[in-house]
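Numbering-wise (UniProt numbering), the sequence shown opens with residue 1 and increments by one.
Cβ atoms here follow ideal geometry from the backbone N, Cα and C, with glycine treated the same way.
Right, one structure below, let's go through it.
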Amino acid sequence: MRGIASRFKRNPGPNPVTESGAVEKGDDVARALRFLAGPEAMARLRRDGVSDELFGTVAGASGGPKWLALTRLDRAILARWFRGRTRPLAMVGSSIGSWRFAAMARQDPATVLRRFEEAYLAYVPSDATMPTLTRESRAFLDIILGSPSGAHDGDRRGAREILSHPAMRLSVLAVRGRGPLSARHPAWVGAGIGAAGLANLVSRRSLSLFFQRTLFADPRAADPFDLGAGFPTRRVPLTPANLADALMASGAIPFLFELVRDIGGARPGAYMDGGIMDYHLDIPFVAETPGSDLVLFPHFGAKVVPGWFDKALAWRRPAATSLSRTLLLCPSEEFLASLPHGKIPDRRDFKALPPAERQRYWRQAVAETDRLADEFLDAVDRDRIPDLLEPLQR
Numbered sequence: 001m002r003g004i005a006s007r008f009k010r011n012p013g014p015n016p017v018t019e020s021g022a023v024e025k026g027d028d029v030a031r032a033l034r035f036l037a038g039p040e041a042m043a044r045l046r047r048d049g050v051s052d053e054l055f056g057t058v059a060g061a062s063g064g065p066k067w068l069a070l071t072r073l074d075r076a077i078l079a080r081w082f083r084g085r086t087r088p089l090a091m092v093g094s095s096i097g098s099w100r101f102a103a104m105a106r107q108d109p110a111t112v113l114r115r116f117e118e119a120y121l122a123y124v125p126s127d128a129t130m131p132t133l134t135r136e137s138r139a140f141l142d143i144i145l146g147s148p149s150g151a152h153d154g155d156r157r158g159a160r161e162i163l164s165h166p167a168m169r170l171s172v173l174a175v176r177g178r179g180p181l182s183a184r185h186p187a188w189v190g191a192g193i194g195a196a197g198l199a200n201l202v203s204r205r206s207l208s209l210f211f212q213r214t215l216f217a218d219p220r221a222a223d224p225f226d227l228g229a230g231f232p233t234r235r236v237p238l239t240p241a242n243l244a245d246a247l248m249a250s251g252a253i254p255f256l257f258e259l260v261r262d263i264g265g266a267r268p269g270a271y272m273d274g275g276i277m278d279y280h281l282d283i284p285f286v287a288e289t290p291g292s293d294l295v296l297f298p299h300f301g302a303k304v305v306p307g308w309f310d311k312a313l314a315w316r317r318p319a320a321t322s323l324s325r326t327l328l329l330c331p332s333e334e335f336l337a338s339l340p341h342g343k344i345p346d347r348r349d350f351k352a353l354p355p356a357e358r359q360r361y362w363r364q365a366v367a368e369t370d371r372l373a374d375e376f377l378d379a380v381d382r383d384r385i386p387d388l389l390e391p392l393q394r
């Protein structure tokens, strides 16, 4: 950890969110947090200044353990901008993004997020089989929904809290498999995944031949995007009875977790990871409230990858219309380089590092991400965000 302190300095005073001091930044000090804005967002924020009321949507990407880079920033955003909000706020996520937002919509979100973070950092898989990983993933969901460990349908009380939040309107993205991707035999599912990957090389739109995008949404919410544009999308109302299954489906990576079948209120079939189609949410969101049409996107990197199959496709970029009204918050390259192993936690660490070493590294990395929260709070309190904006590149 040497060398970090020389570039990212803290003040000794306490911060109620991060338990550290807000960071005073000079031109000669590298910044941990970047503020990247699409053209419309940049013009609006520089003209009108920054207010939480300008944002009608918060986007949450897939990424597994990478969410740990955002856990302290999430709490800071919640504390400074969205605590006490009453105007509708669409929280649209795939996979871990939807799990973060479910936690944020609880009555005591800071406690739920902290418990989720602590459990995730302490986690050591019992084994690498799909049934075990699925069961242990359900236990994480029990933390978010407030169920006793071992319950398999989530806590209805926690789900009712989320679906009655005065402002937050949760939307969970998942996909339903078509053809062989709805089969129970792994060989058929594997063949379907392979065919979808090959078709995606030619056209991203071809994914609709293999998957049906499904939006599990708070029934009080307006559609957060045009459900008929791009990938035709089927909307399913979220209820206390199906919320846990919808969240599980959104993160059900094929061959890692068991697929979720026959979710209440949805079409029969096998549901899986929403990141397959919407890895980093290449979606032109629409606002429910006039004047609140900007999109806030706390993200773990500056790059926006449209779908899971596009991770290795350098030429596949998000549509300009998807990012034009977006303010993306992400760690800087300098900050990432200063972390242990020079990166944020990711799923490969489970295989690359012994459990004790991985846990130590993850805890160090998460502790350092207090700086992201510090800088966000400092920028908000001093009205610095318009001065810190950079262009968001596609």
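- Going by beta carbons, threonine 71 and valine 366 fall inside the 8 Å limit.
- The three-state reading of DSSP puts alanine 76 in helix, counting H, G and I together.
- For proline 391, the enclosing beta strand (DSSP E) has its first and last residue at 389–391.
- Shown here for aspartate 262: same chain residues with a beta carbon closer than 6 Å to its own, the five before and five after excluded, namely Pro268 in chain order.
- Put simply, of Leu327, Trp315, Arg371 and Leu207 the residue whose alpha carbon is nearest the alpha carbon of phenylalanine 285 is Leu327.
- Going by beta carbons, glutamate 357 and leucine 339 fall outside the 8 Å limit.
- Runs of the alpha helix (DSSP H) lying entirely within the stretch 283–371 and spanning at least 4 residues, in chain order: 320–323, 333–338, 349–352 and 355–368.
- In the DSSP annotation of this structure, aspartate 52 is not part of any alpha helix (DSSP H), being labelled neither H nor E.
- Going by C-alpha positions, threonine 233 is about 31 Å away from leucine 73.
- A straight line joining the alpha-carbon of aspartate 245 with that of aspartate 310 spans about 26 Å.
- Per DSSP, glycine 97 lies in no beta strand (DSSP E); the unbroken alpha helix (DSSP H) holding it starts and ends at 96–104.
- For aspartate 273, the pairing in a beta bridge is given by DSSP as Ala174.
- The Cβ neighbour count for tryptophan 81, taken over all protein chains shown within 10 Å, is at least 16; the residue is labelled buried.
- Aspartate 223 is positioned such that its CB atom lies closer than 8 Å to that of arginine 235.
- Under a 10 Å Cβ-count criterion, aspartate 108 is classified as exposed, with fewer than 16 other Cβ atoms of the shown protein chains found around its own Cβ.
- For threonine 233, the enclosing beta strand (DSSP E) begins and ends at 233–237.
- Between proline 131 and valine 189, the gap from beta carbon to beta carbon reaches 8 Å or more.
- Membership of alanine 199 in the alpha helix (DSSP H) is indicated by the continuous run 186–202.
- Under the three-pair Cβ rule at 8 Å, the stretch 39–48 does not count as touching the stretch 270–280.
- In the structure shown, the three-state DSSP call for threonine 129 is coil.
- Following the DSSP letters along the chain, one finds phenylalanine 116 inside the alpha helix (DSSP H) bounded by residues 109–122.
- In the three-state reduction of the DSSP assignment, proline 268 falls in the coil class.
- The Cβ-Cβ distance between phenylalanine 35 and leucine 256 does not fall below 8 Å.
- Bridge pairing for glycine 60: Gly93 [DSSP].
- Residue pairing from DSSP places arginine 261 in a beta bridge opposite Ala270.
- The Cβ atoms of arginine 100 and glutamate 375 lie no closer than 8 Å to each other.
- Here proline 254 carries a strand assignment [DSSP, helix/strand/coil].
- Here alanine 174 has Thr214, Ala249, Ser250, Tyr271 and Gly274 as same chain residues with Cβ atoms under 6 Å from its own Cβ, once five neighbours each way along the sequence are excluded.
- Within the model, the alpha-carbon separation for alanine 183 versus glycine 177 is close to 8 Å.
- Lysine 351 and phenylalanine 116 have their C-alpha atoms some 22 Å from each other.
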